[in-house]
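Working notes, structure below.
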Ligand SMILES: *Cc1c(COP(=O)(O)O)cnc(C)c1O
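Numbering (this note's numbering), first residue to last: 2 to 370.
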C-alpha cells in the first residue's frame with residue numbers, strides 16, 4: 002500500500018552545515034550572524050525595509066498588534082476561515098475579533114463584508130492569505146486608508162507569493178510569517194514580522210526582547226516579551242532561504258500536476274487562480290462538491306484507506322467554543338461552504354510525480370457517476 006503524508010519539510014540543503022557552524026561559533030542564543038543575515042535577506046525577499054525574526058507565527062501576530070497599539074475596546078476585522086492563531090492574537094491584546102465572510106473569487110476576506118463591518122471602534126483589518134492566495138490587498142489598502150485604520154497581513158501560508166507584482170509581506174502596514182514545520186519555509190518553530198516603518202520596526206524589536214531598550218542594555222522602559230528566535234533557527238532559515246526558489250518551483254510543479262488531473266472533473270472545484278496574483282504553493286486545496294457523488298468526509302476516508310493523508314479546511318473560527326458567542330452567530334455562507342467541502346492534499350518537495358499520480362488516482366477512483 003502507498004503511504005503519502007500531507008507534508009514533509011525539505012531539509013536537503015545546508016541546514017545541518019549552518020546549524021553546526023552556529024554551534025561551533027557558540028552563538029546559539031538570540032543574537033548572531035545567521036539571525037542578522039536571515040533578517041536582511043528575508044526583508045529583501047519581501048521588499049520591505051525590515052524583517053524581525055521571532056519565535057513563531059502566533060507571536061509574530063501578537064507583536065504586530067501590540068506594536069500598532071491595538072488593545073482593549075478596539076475591534077479587528079478578520080475572516081472566520083483561518084487558522085485559529087490569527088484570531089487568538091487579537092484576543093491576546095484584549096481587542097475584539099469581528100468575523101467576516103470570505104469572497105468566493107479568492108477564498109480570502111471579502112472586501113465588501115469588511116466595509117460593512119467597519120465601526121467607530123475598528124482599528125485594523127487582519128487579512129489572511131488563505132492557503133497561499135494573496136487577499137485583495139489594493140481594495141483593502143484603499144479602504145483602510147479611507148477609514149484611517151491599519152492593514153495587517155497574516156502571510157503565514159504565503160511567503161514569496163505576489164499580488165500585482167509585489168511580494169506578500171509588503172502589502173499592508175505590517176505582515177507576519179510562520180516557519181512552522183509544515184510551512185513552505187521552516188526551521189521547526191519560527192516566525193517573522195515584516196514592515197517598512199522604522200519606528201514601528203523598533204517597537205517590534207523592543208517588544209520582542211523583553212522591552213529592553215535597544216541602545217541601553219538592561220534598561221526596560223516598557224513591559225515586553227521574550228519572543229526571540231535563536232541563531233540556530235536563524236542558521237536553519239538561511240539554508241532554507243538559499244533554496245527557496247527551488248522549493249517553490251517544485252511545489253508549483255506538483256500543483257500543476259494536480260491541476261491537470263482535476264480541472265473539469267464534475268464536483269471538484271480548484272482553488273481560484275487569479276490573473277493579478279501568484280499564490281504560494283502551500284497545501285494543494287480543492288473543494289469536493291455534491292456533483293462528485295461522494296461527500297468531502299467520504300473522500301477523506303477513502304484516501305486515508307488508500308494511505309493518503311489529507312486535511313479538511315479550517316473549521317470557521319467563529320463556530321469554535323472560545324468564539325461562538327451570541328454576537329458571532331452571523332451566517333457566513335461562503336466560509337461555511339468552503340469549510341464543509343475543502344480538502345488539502347499532500348504537497349511537499351520530495352513528493353514524486355508518481356506520488357501525485359497515486360493521490361489523483363485514489364481520489365478520482367472514489368467518484369460516483
Ligand atoms: C501557521 C499559521 C499561523 C501560526 O503560526 P505558528 O508558527 O504555528 O504559530 C498563523 N496564521 C496562519 C494563517 C497560519 O497558517
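Ideal Cβ positions, reconstructed from N, Cα and C, are used throughout, including at glycine.
Discussion item. With three or more beta-carbon pairs closer than 8 Å as the criterion, would you say the stretch 317-326 touches the stretch 211-226?
Written reply: no
Discussion item. Could you give the first and the last residue of the continuous alpha helix (DSSP H) run that contains residue 118?
Written reply: 112-118
Practice prompt. Can you give me the Cβ contacts of residue 144 inside the same chain, cut-off strictly under 7 Å, excluding the 5 residues immediately before and after it?
Written response: 112, 115, 116
Worksheet item: What's the C-alpha gap between residue 346 and residue 212?
Response: 42 Å
Item to complete: Please work out which residues of its chain come closer than 7 Å, Cβ to Cβ, to residue 120, disregarding the five sequence neighbours upstream and downstream, and give them in chain order.
Response: 76
Item to complete: Counting only the same chain and skipping the five closest in sequence on each side, list residues whose C-beta sits under 6 Å from that of residue 244.
Response: 14
Worksheet item: How long is the line joining the alpha carbons of residue 256 and residue 351, rounded to whole angstroms?
Response: 13 Å
Discussion item. Quick check on DSSP: helix, strand or coil for residue 99?
Written reply: strand
Worksheet item: In whole angstroms, what is the alpha-carbon distance linking residue 293 and residue 267?
Response: 6 Å
Practice prompt. Let me know the secondary structure DSSP gives residue 369 once reduced to three states.
Written response: coil
Worksheet item: What are the residues that DSSP puts in a beta bridge with residue 345?
Response: 286, 312
Worksheet item: alpha helix (DSSP H) containing residue 243: first to last residue?
Response: 232-243
Item to complete: Sort 43, 51, 324 by Cα distance to residue 92 and report the nearest one.
Response: 324
Worksheet item: Taking buried to mean at least 16 other C-beta atoms within 10 Å of its own C-beta, is residue 269 buried or exposed?
Response: buried
Worksheet item: DSSP state of residue 135, grouped into three classes?
Response: coil
Worksheet item: Sorry if obvious, but does the Cβ on residue 129 come closer than 7 Å to a heavy atom of ligand 1?
Response: yes
Worksheet item: Can the beta-carbon of residue 289 be found closer than 8 Å to that of residue 344?
Response: yes
Discussion item. Measuring alpha carbon to alpha carbon, tell me which residue in 338, 287, 237 is nearest residue 40.
Written reply: 237
Worksheet item: Tell me which same chain residues have a C-beta within less than 6 Å of the C-beta of residue 4, skipping the five on either side of it?
Response: 308
Worksheet item: In its own chain, which residues sit with a C-beta less than 7 Å from the C-beta of residue 20, not counting the 5 before and 5 after it?
Response: 233, 236, 237
Practice prompt. Use the C-beta contact count for residue 24: other C-beta atoms within 10 angstroms, 16 or more gives buried, fewer gives exposed.
Written response: exposed
Fill in: Nearest to residue 70 (by Cα), restricted to the options 56, 95, 52, 88
95
Discussion item. Bridge partners for residue 167 per DSSP, in chain order?
Written reply: 164
Worksheet item: With respect to the alpha helix (DSSP H) encompassing residue 303, which residues constitute its N-terminal and C-terminal limits?
Response: 297-306
Practice prompt. Express the C-alpha separation of residue 90 and residue 32 in angstroms, rounding to a whole number.
Written response: 26 Å
Worksheet entry | Residue environment, residue 250, which counts as buried when at least 16 other CB atoms sit within 10 Å | exposed
Item to complete: Using alpha carbons as the reference points, say which of 128, 356, 305 lies closest to residue 259.
Response: 356
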